[in-house]
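Each remark here refers to the structure printed beneath this line.
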Amino acid sequence: MIRHSRAYAIAKAEVTYLTEFRKSKKAILFASAIGNTVADKENYAYGHPEYVKLLKDLEKAVVEAERLKWMLTAAQARIDIYRTQEASNRALDRNTQ
Numbered sequence: 012m013i014r015h016s017r018a019y020a021i022a023k024a025e026v027t028y029l030t031e032f033r034k035s036k037k038a039i040l041f042a043s044a045i046g047n048t049v050a051d052k053e054n055y056a057y058g059h060p061e062y063v064k065l066l067k068d069l070e071k072a073v074v075e076a077e078r079l080k081w082m083l084t085a086a087q088a089r090i091d092i093y094r095t096q097e098a099s100n101r102a103l104d105r106n107t108q
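This is the structure in structure tokens:
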């Protein structure tokens, strides 16, 4: 679980970084656009291959972060089940003595 905790933290940081960098990338592409209107510049920025690649990378990062999050959730559930079973076993032992 500790190993997955670190991996999840790294994946979550990647999602946050890419989410914030997406805004910077849009601004950079917006500034380098040739069009005169805001709509022209937005179309250029949103359709640029670098921006599209960034979105794909963000998608992959979110998928990995969610996968790791659910692995941690499942591990915690297994621990909770074990605790419950052990508590039940202790109660049975007390009642049979």
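Take 12 as the starting number for the sequence shown in the numbering used here and just add one per residue.
For every residue, glycine included, the Cβ atom is placed at its ideal position computed from N, Cα and C.
| Asked | Found |
| --- | --- |
| Does DSSP put G46 in a helix, a strand or coil? | coil |
| Would you kindly work out how many angstroms separate the C-alpha atoms of Y62 and M82, rounded to a whole number? | 30 Å |
| Within 10 Å of its beta-carbon, does A85 have 16 or more other beta-carbons around it, so buried, or fewer, so exposed? | exposed |
| So what's H59 in DSSP terms, helix, strand or just coil? | coil |
| How about A56 and F32: are their beta carbons less than 8 Å apart? | no |
| So, using beta-carbon positions, are L69 and T27 closer together than 8 Å? | no |
| Indicate whether K52 and G46 have their beta-carbon atoms separated by less than 8 Å. | yes |
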